[in-house]
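Numbering (my numbering), first residue to last: 128 to 798.
Backbone N, C-alpha and C fix where the C-beta goes; we use that ideal spot for every residue, glycine too.
Okay, structure first, notes after.
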């Protein structure tokens, strides 16, 4: 053996040794919670492995620990599930659960069976596909038939093995629930808050938002986790019992939730459910119930499923989380339309595992309905809402120190008069230059669905408006580098990036502009219809109410709103300034297709794998021609476009007599 071959063998040996050591420490840290080395030592091992692989790319393997770190993706492709990821029927009380037990025993017809009870993790379901033991694909649940391909992101979750241990079939599918630990969630929100960014409402939202990040290095940094709950080989279960599935998953390197139980009867189920409900607040992750499954997989297959859920499983949902606390104050928030929204500020209380200090009060009528006073004790509930709701006042706890609350007659931000139109529940500020309205309008204009100006967040907009530099969205295009750089905590590089983002936004197109300038009642859909119909903002500005009302889907309310918008001199001045700045305000020949009579007013459903278009491209082509894309098939569906491996949507379309188009027929239709 020559010196070159000897060195090459040494490198290969070191790489294999490093991978084994890193995997060993990963297992100790994530699965056994018994780390043996500090994070800095672990990072040093990973850095050394990455250096060796970069110098010897032919030695990189898909299951290497370095492959958990991804780059930026261009978007998510659709992923067709081989076996649909069905949702579960829910039970909200023990009577529902008893009825489920009775149905199962009737279907079993005297045969013995038991149940597996496991926690219902409040996260999002994913399907992981392994080929020859190597993680080859990962997808979100989506609508159950088609999800998003998030392979590059699931690879970054360290509790997902890149390679299964021991022996395994050629192809297996592992299904699990991705979640974010409460402790990690708190750290992420603390960092976002420190950076002046919008924080996540709860761990589930954070997990869902993280898994849909295009930059998988961000996903890796947020330390998502997973608990597996099912295993398939093809369309079949691999073992005689569901309990054996958990044992297999654990043996192959997954972290299986230890809070599970085998239950022989209804009484044992209720005992487990009660024990887990008592333990709920002490867990480091959110749960919203217990999933109950028939343990015997032969009976699972025999019981089958309804159109939406298996007959052999059910989710027992815990009651919505409630707590009593004291109302300290009511503050008014002013939105971009001038709407005054009251928010209750509470004595902090732990609810559903998080500290809650605010609750929604909606509007003046809600305050009157609750008969709420400052200083009242109130019952609050959190049941999936972004912030909790106040259910009622605990009047028996009043001691006479409570103070009546009077809804403001003037805007709390600019002190202008407020009005509440007859028949409406919302009170609005009348000042078009109210700083709160200006800030909200600019944020709306810069949002992703509008002009997509990255970096223009809450904190920066507040500084720009408060300093008097920006008063309208048109002022954004007059900003100078030195003006931004002079603002507190704004480095020159950040200022340069923002100027570039604003410059790039000029080419976003007419539809996004119409959405961003905030014409009342004109959302994303109506903006697209108006843009395609008139193809320039000047022609739209000249349209009469009658002409607008005649457009399919627009209607009189939207027509009047659009007409009035273009009769307001302030709006016209803003548009002229945007035009002078070079913002694109028309559709060129190649930008978009004109409306097509074959599409206008028609509802399309896309299903299966399309070869000639991505799902987003097909949807865009339909909408540009005046059609609408729906996610579900009904009697109102006009066409179903079916690609390869079309599943339940195709079956339903055929049963309802809905016209089914092949991909070639769809292509001919759009051309």
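field: Closest Cα partner of residue 171 within the set 278, 782, 187, 146
entry: 146
query: Using a Cβ-Cβ cut-off of 8 Å (strictly less than) and excluding sequence neighbours within five positions of residue 623, which residues of its own chain qualify?
result: 608
message: Output needed for residue 628: all residues of its chain with C-beta closer than 6 Å, excluding positions within five of it in sequence on either side, in chain order.
response: 580, 581, 582
field: Segments of 3+ residues assigned as beta strand (DSSP E) that fall wholly inside the stretch 721-784
entry: 730-734, 755-757, 766-769
- prompt: Whose CA, out of 455, 481, 463, 482, lies closest to the CA of residue 470?
  reply: 455
message: Please list the terminal residues of the continuous beta strand (DSSP E) segment that includes residue 256.
response: 251-258
task: Might you give, ordered along the chain, the residues of its own chain that have their beta carbon closer than 7 Å to the beta carbon of residue 260, omitting 5 neighbours on each side?
output: 290, 291, 295
- prompt: Does the separation of the CB atoms of residue 760 and residue 736 fall below 8 Å?
  reply: no
- prompt: Which two residues bound the contiguous alpha helix (DSSP H) that contains residue 682?
  reply: 682-692
Element boundaries [beta strand (DSSP E), containing residue 458]: 448-461
field: residue 558 (DSSP reduced to helix, strand or coil)
entry: coil
query: Could one say the Cβ of residue 449 lies closer than 8 Å to chain D's Cβ atoms, at least one of them?
result: Absent here is chain D; the protein component of the structure consists of one chain.
message: Assuming residue 628 is part of the alpha helix (DSSP H), what are its boundary residues?
response: 619-631
- prompt: CA-CA distance, residue 586 and residue 319?
  reply: 12 Å
message: In this structure, how does DSSP classify residue 196 when only helix, strand and coil are distinguished?
response: Bear in mind that a pLDDT of 44 at residue 196, under 50, signals an unreliable position, so the model cannot answer this.
- prompt: Going by the beta-carbon positions, is the gap between residue 396 and residue 219 smaller than 8 Å?
  reply: no
query: What are the boundary residues of the alpha helix (DSSP H) that includes residue 235?
result: 221-235
query: How would you label residue 236, buried or exposed, when you count the other beta carbons within 10 angstroms and need 16 or more for buried?
result: exposed
task: Note down the Cα distance separating residue 651 from residue 143, rounded to an integer number of angstroms.
output: 52 Å
- prompt: Which residues in the same chain as residue 648 place their Cβ atom closer than 7 Å to its Cβ, once the five residues preceding and following it in sequence are excluded?
  reply: 684, 685, 688
query: Looking only at C-alpha atoms, which of 299, 336, 766 sits nearest to residue 793?
result: 766
message: For residue 573, which residues in the same chain have their Cβ closer than 7 Å to its Cβ, ignoring the five residues on either side in sequence?
response: 580, 583
message: Please tell me whether, using a cut-off of 7 Å, the distance from the CB of residue 790 to the nearest non-hydrogen atom of the ligand NAD is below it.
response: Absent from the structure shown: the ligand NAD. Ligands present: none.
- prompt: Between residue 300 and the rest of its own chain, which residues show a CB-CB distance below 8 Å, the 5 nearest in sequence each way excluded?
  reply: 209, 210, 254, 255, 256, 257, 358, 359, 360
message: Quick check on the DSSP output: the beta strand (DSSP E) that includes residue 508 runs from which residue to which?
response: 504-509
query: Taking Cβ to Cβ, would you say residue 212 is nearer than 8 Å to residue 280?
result: no
Residue of 380, 351, 347 minimising C-alpha distance to residue 331: 351
message: Tell me the rounded alpha-carbon separation between residue 712 and residue 637.
response: 5 Å
- prompt: Could you check where the alpha helix (DSSP H) with residue 387 kicks off and where it finishes?
  reply: Counting along the chain, residue 387 falls outside any alpha helix (DSSP H), though it belongs to the beta strand (DSSP E) covering 387-390.
- request: Tell me whether residue 751 is buried or exposed, calling it buried when 16 or more other Cβ atoms sit within 10 Å of its Cβ.
  value: buried
task: Within the same chain, show all residues whose beta-carbon is closer than 7 Å to that of residue 199, passing over the 5 residues directly before and after it, in chain order.
output: Per-residue confidence for residue 199 stands at a pLDDT of 38, beneath the threshold of 50, marking its modelled position as unreliable; the derived number appears in the next sentence. Once the five neighbours on either side are set aside, the close Cβ partners of residue 199 are 341, 342.
- request: Answer yes or no: do residue 429 and residue 453 have a C-beta to C-beta separation smaller than 8 Å?
  value: no
task: Return helix, strand or coil for residue 696, following the three-state DSSP convention.
output: helix
message: Three or more C-beta pairs under 8 Å: does that hold for the stretch 592-605 against the stretch 557-577?
response: yes
- prompt: From residue 379 to residue 364, what distance separates their C-alpha atoms?
  reply: 16 Å
query: What do you get for residue 329, buried or exposed, if any count of 16 or more other CB atoms within 10 angstroms of its CB means buried?
result: buried
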